[in-house]
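Shown next, in structure tokens, is the structure this report addresses.
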Amino acid sequence: MRLRKFIFLFLTSILVQNNYASDSYRIQVSQPQGQEYNLKAAFLYRFLDYVEWTNNSSWNSNSEDPLRIAILGDSALYGPLSEISRDKRAGTRAIRIRQISSVTEIGASQVVFVSRNYKYGIDAVLSRMIDRPALIVSEQKGDVEKGSHINFLISDNKLKFEVNLKTASRSGIKIGSQLLQHAAVIKK
Amino acid sequence: MIGLRDFSIKNKLVLMQVLTCVLVLGLCFAAFVITDVKGYKDRKVASTISFAQVIGSNSISAIQFLDNDAAQKTLIDLQEVETDVVNASIMDSKGSVFASYTRPDHPAYKFAPPFRDQHRFDDDYLYVYKNFLDQQNQVVGTVCLQVELTQLQAIKKQKFEIAAVLLFVGITLAFLLAYLNQRYISEPILNLVNVMHEIRENGDYSRHVEVAGRDEIAVLSSEFNNLMDEVARRDQKKDEFIGIASHELKTPLTSVKLYLEALAKMKHEPLVHNFIHKSKEGVKKLHNLILDLLDVSKIESGQLQLNHNDLSIDKLVDECIEDAQMNTNNHTILREGGPSNTIIRGDKDRLEQVLINLISNAAKYSPAGTNIAVETLATDEEITVTVKDNGIGIADSEHKKIFGRFYRAKDSNSVISGFGLGLYICSQIIKRHKGKIGVDSEEGKGSTFYFTLPLTSPVTENQVVMAISNNKV
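Protein sequence lines correspond, in order, to chains A and B. Take the first sequence: its position 17, counting from 1, is numbered 6 in the numbering used here, and each next residue is one higher. Each number in the numbering used here corresponds to the 1-based position in the second sequence with 524 added.
The structure is reproduced here in structure tokens:
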């Protein structure tokens, strides 16, 4: 009898989980790379709502200036992000996406995404970008300790992110509390 | 089944007032309860919607960054504030459950699409769906809440209790007021009925109803008084007419009677003699009828004068028996019991009229060959004279009526003629002698008529009138 009850409870809990937990997202994450980058693109786009560039007064004063995102290194992010930028804006600004292969091409970008395919890694970006008003987003384990402002990671089959508030504020990047509350790790 | 018509006016009035009270109070309370319940529901919807809005705006980023745990925590935290929420779910823009919460003591509920801004009630719960938007005004998701309406039941119960108590108090007050009020309406009506009843019993048309106020009942009473005045006036006119007519008829009839008597004394052929005899009989009957009418007329106008003298009751009775026996060949009239040896004071002619009337009535209503017994019975205070027959008798219900004017027994046929005035005249004569007249009878078993006269010298109306006029002088 006990065993039966246990099995019943177990099956029920699985059913309930299936109903109430967000399966859809897990499936998306565990899908091939395309799904993962779709999600990363969506997250990245959402970040724009909660981030302020406090050290960039000339850009801030002109609300018509586009928001530029540079993707450093080959990445499947380009496709979905371009898709988003086509019909969505960041507040009043249009979004421009560029695929670059060298830190020298970063220029005046407000966001730099460092692909895991970028062979020189985050350090090269950080040394170049020190104290410059750009949000640095990466996707390699340990990057946030090194100084990346936001780093994607996958845990429990879910896409999560960690935040380094210290380096972000040094670069004049203010990250909103509503974003922070969803961060897996916050480094201060 | 008891119809409304069988209720007395008093009960109808009370019933009407109480029903009106119940109706009005019922409507008031219905409105009161409906407004209260609606107010509570409106407030509940408003508070739940704003609560959903708070959850929604706190969950935008959670949905954006797929943070189920954060959304779940929001639901749990906020549930502590709004404990009526039994089930809460946050749906994402695709309609899948993103986070959900169920109060531990309650079964889980699966919210059904469509997920747009709406609310609805079922018996125990309020369901609210509230969309929330991101910075670009895109629908990010929907907050769905199932809220228990515990207070609604409490409010309903409380209102119904208050309603029941007030309804009871209201009905009691209405009943008391109605009960006090109805007297103003039913009492005058009952009074009117009583007066009508008395008038019917006594025939006293001069009796008036007291008229108070100006309402419909006062109008009715006053109209009734007018009607009675009219009846009394006509009654008087009729009496006057009877008086005049009988007087006018009497004079020529008396001369006809005298001439016939004179003719009867002459010698004629037997046939002529027979005709004269028949005419004499007819005229005698006519004469008696007219005398009756005249008596009634005198009684009604108060002009019946009695000539009081001392007289022996034994002598009176014997003379009457003798007279009556002469007029009837079919019955034997007997004096029963011994003589009473009593002298009374009264009008000899009138008392003879009474006794002869009673004896001839007895003869009229009893079969031929039977006896009629007359008896006198004296005590210290009064003397009773009874006339007993073995005739058809009189039903109980008729006993009172036979002493009224123009009364004739129901089954009287044309054989037994007359105006029905005899007993009325008798009763008036006895009444004026301060005596009593009555009958003991049963249908089919004969009747015993009696009258009683007081032995103390009766004071007559004439003597009173004379005494008053002497005092005046």
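We put the CB at the ideal spot given by N, CA and C, even for glycine. Quantities reported herein were computed from a predicted structural model and do not represent experimental measurements.
Counting only the same chain and skipping the five closest in sequence on each side, list residues whose C-beta sits under 6 Å from that of residue i.
i	result
Leu56(A)	Ala79, Arg82, Ile84 and Gln99
Lys960(B)	Thr976
Lys135(A)	Ile111
Ile916(B)	Tyr889
Does residue i have its Cβ less than 8 Å from a Cβ in chain B?
i	result
Lys163(A)	no
Phe32(A)	yes
His138(A)	no
Arg35(A)	yes
Ala83(A)	no
Lys29(A)	no
Lys147(A)	yes
Gln99(A)	no
Lys135(A)	no
Gln88(A)	no
Lys155(A)	no
Gln24(A)	no
Asp76(A)	no
Gln129(A)	no
Leu142(A)	no
Cutting at 8 Å between CB atoms, please list the residues of its own chain near residue i, excluding the five before and the five after it.
i	result
Ile573(B)	His643, Val652 and Lys654
Val663(B)	Ser617, Asn655, Phe656 and Leu657
Ile768(B)	none
Arg640(B)	Tyr653, Asn655 and Thr666
His138(A)	Leu124, Ile125, Val126, Val152, Asn153, Thr156, Ala157, Ser160, Ile162 and Ile164
Asp12(A)	Note that Asp12(A) scores a pLDDT of 40, beneath 50, so its modelled location is shaky and nothing firm can be said.
Phe141(A)	Lys29, Phe32, Val126, Ser127, Glu128, Leu148, Lys149 and Phe150
Leu66(A)	Tyr26, Lys29, Ala30, Leu33, Ile60, Phe102 and Ser104
Gln167(A)	Tyr39
Ile723(B)	Tyr729, Arg731 and Met752
Do residue i and residue j have their C-beta atoms within less than 8 Å of each other?
i	j	result
Tyr703(B)	Gln670(B)	no
Glu905(B)	Pro978(B)	yes
Tyr34(A)	Gly62(A)	no
Val911(B)	Phe973(B)	yes
Ser745(B)	Val755(B)	no
Lys695(B)	Cys545(B)	Before going further, note that residue 695(B) is Ile rather than Lys in the sequence given. Yes, they are a contact pair.
Phe102(A)	Ile143(A)	no
Ile907(B)	Thr856(B)	no
Ala687(B)	Gln541(B)	no
Leu784(B)	Val807(B)	yes
Ser951(B)	Ala902(B)	no
Leu835(B)	Ile868(B)	yes
Tyr625(B)	Ala636(B)	no
His171(A)	Ser585(B)	yes
Val735(B)	Val841(B)	no
Val561(B)	Lys681(B)	no
Thr894(B)	Ile837(B)	no
Ser971(B)	Asp920(B)	no
Ala886(B)	Asn854(B)	no
Can you tell me whether residue i is helix, strand or coil according to DSSP?
i	result
Leu782(B)	helix
Asp112(A)	helix
Tyr39(A)	helix
Arg731(B)	coil
Pro978(B)	strand
Glu905(B)	coil
Thr494(B)	The question about residue 494(B) has no answer here: the residues shown for chain B are numbered 525 through 997.
Val542(B)	helix
Ile119(A)	coil
Leu830(B)	coil
Glu711(B)	helix
Glu94(A)	helix
His630(B)	coil
His171(A)	coil
Tyr703(B)	helix
Grab me the residues of residue i's own chain with a C-beta within less than 7 Å of its C-beta, minus the 5 sequence neighbours each way, in chain order.
i	result
Asn798(B)	none
Asp847(B)	Ile880
Leu773(B)	Ile814
Lys534(B)	Gln706 and Ser710
Asp120(A)	Arg159 and Ser160
Less than 8 Å between CB atoms is the rule here; does residue i satisfy it with respect to chain A?
i	result
Gln659(B)	yes
Leu590(B)	yes
Ser585(B)	yes
Ala594(B)	yes
For this session: Would you check if the segment 913 to 930 of chain B and the segment 942 to 955 of chain B touch, i.e. whether three or more CB-CB distances between them fall below 8 Å?
Result: Taking 8 Å as the limit for Cβ pairs, the verdict is that the segment 913 to 930 of chain B does touch the segment 942 to 955 of chain B.
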